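The next block holds one structure in the form of structure tokens; read it before the comments.
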Amino acid sequence: MINLQNKNILITGATGGIGNSIVDVLTSLDANILVTGTNEKKLEELKSKNQKIKSIKQDIAVHEDLENFVEKCCKEFDDKIDVLINNAGITSDNLTIRMSKDEWSKVIHLNLTSTFLLSKFVIKKMLKNKFGKIINITSVVAHTGNIGQANYAASKGGVLSMSKSLSMEYAKKNITINCIAPGFIETAMTEKINQEYQEQLKSKIPLNRFGAPKDIANCAAFLCSDLSNYITGETIHVNGGMYFS
14 MINLQNKNIL ITGATGGIGN SIVDVLTSLD ANILVTGTNE KKLEELKSKN QKIKSIKQDI
74 AVHEDLENFV EKCCKEFDDK IDVLINNAGI TSDNLTIRMS KDEWSKVIHL NLTSTFLLSK
134 FVIKKMLKNK FGKIINITSV VAHTGNIGQA NYAASKGGVL SMSKSLSMEY AKKNITINCI
194 APGFIETAMT EKINQEYQEQ LKSKIPLNRF GAPKDIANCA AFLCSDLSNY ITGETIHVNG
254 GMYFS
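For the sequence shown, my numbering begins at 14 and goes up steadily by one.
Dropping the structure here:
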């Protein structure tokens, strides 16, 4: 049975569909949660759900603030972050010949560079405690590619490769780094896809449906727990069978 009692877990992008579900599942397993995002109203709504949830409003795209942000998080957690879940991410889709440099850069800036910097600063804290777990939410398109998403696929593929390198660097320090690669999940992002294209996508998924945010959250709960202590450098695919690594 998964038990996250007394685990201090920092979650970025917590106000979105997947992030929200991760918060719900982890608090149900008795974890201490610190959420961050840019929507203060949604952060307050999350906090109101459970007394174990704390929040700090932070735009993780502002890189010069991230080291100080991690310091604030540590103070909230009595100087111990057990798990970092890098869930925040954005898209800015366009066909390659139409994609502007800004559309490319802003996706790489947040999805890849912010994830790298947060991991770097949190790892420094984990080294002192001789324990830690980092879970990076990537995407099936990091493995398959996708039309109009060269920037997004590159950013998530970069996170995947970075995670493998970090896992090798810090395994001896009892810090594990793994990825979860969601397929098509029922979120605000997939709701924007027209019905006909949704049906085309589902026809490529052996389970013939989109996943639920809780499917990602349940996987995150396992990786947060001591049941996963001998797993590092891996990507767990949660995609209904549409892709196998």
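Where is the CB? At the ideal position from N, CA and C, for every residue including glycine.
The structure displayed is predicted, hence computed values, not measured ones.
Distance CB(residue i)-CB(residue j) smaller than 7 Å
| i | j | result |
| --- | --- | --- |
| Leu39 | Ile22 | yes |
| Val36 | Leu59 | yes |
| Thr128 | Val96 | no |
| Gly161 | Leu79 | no |
| Glu57 | Lys70 | no |
| Val154 | Ala166 | yes |
| Leu47 | Cys86 | yes |
| Asn100 | Thr28 | no |
| Ile94 | Lys133 | no |
| Ile31 | Pro226 | yes |
| Asn45 | Trp117 | no |
| Ile193 | Cys232 | yes |
| Ile98 | Ile148 | yes |
| Ala74 | Leu123 | yes |
N-terminal and C-terminal residue of the alpha helix (DSSP H) that residue i is part of
| i | result |
| --- | --- |
| Gly32 | Gly30 to Ser41 |
| Thr203 | Ala201 to Glu204 |
| Asp115 | Lys114 to Ile121 |
| Ser216 | Gln208 to Ser216 |
| Lys175 | The question names Lys, but residue 175 is Met in the sequence shown. That run of the alpha helix (DSSP H) goes Ala163 to Tyr183. |
| Glu58 | Glu53 to Lys62 |
| Asn81 | Leu79 to Glu89 |
Run of the beta strand (DSSP E) containing residue i, from where it starts to where it stops
| i | result |
| --- | --- |
| Val154 | Note, Val154: premise wrong, no beta strand (DSSP E); alpha helix (DSSP H) at Val154 to Thr157. |
| Gly50 | Asn45 to Gly50 |
| Ser68 | Ile66 to Lys70 |
Cutoff 7 Å; reference residue i; Cβ partners in own chain excluding five residues on either side
| i | result |
| --- | --- |
| Thr240 | The sequence shown places Leu at residue 240, rather than the Thr named in the question. Here the set comprises Ile15. |
| Gly253 | Gly196, Ile218, Pro219, Leu220, Arg222 and Gly224 |
| Asp72 | Thr51 |
| Ile244 | Thr189 and Asn191 |
| Lys205 | none |
| Ser258 | His156, Thr248 and His250 |
| Leu42 | Ile15, Asn16, Leu17 and Ala234 |
| Met175 | Phe129 |
Paired residues, beta bridge with residue i - DSSP
| i | result |
| --- | --- |
| Leu97 | Leu23 and Ile147 |
| Thr189 | Lys146 |
| Val251 | Pro195 |
| Gly224 | Ile198 |
Residues of its chain near residue i, where Cβ-Cβ distance is below 8 Å and the 5 sequence neighbours each way are ignored
| i | result |
| --- | --- |
| Lys143 | Lys186 and Asn187 |
Other residues of its chain near residue i: CB distance less than 6 Å, five sequence neighbours each side excluded
| i | result |
| --- | --- |
| Lys169 | Thr151, Ser152 and Ala155 |
| Ile121 | Ser168 |
| Ser180 | Ile190, Thr245 and Gly246 |
| Leu214 | Phe197 |
Residue i burial status per 10 Å Cβ neighbour count (16 or more: buried)
| i | result |
| --- | --- |
| Tyr183 | buried |
| Ser113 | exposed |
| Asp228 | buried |
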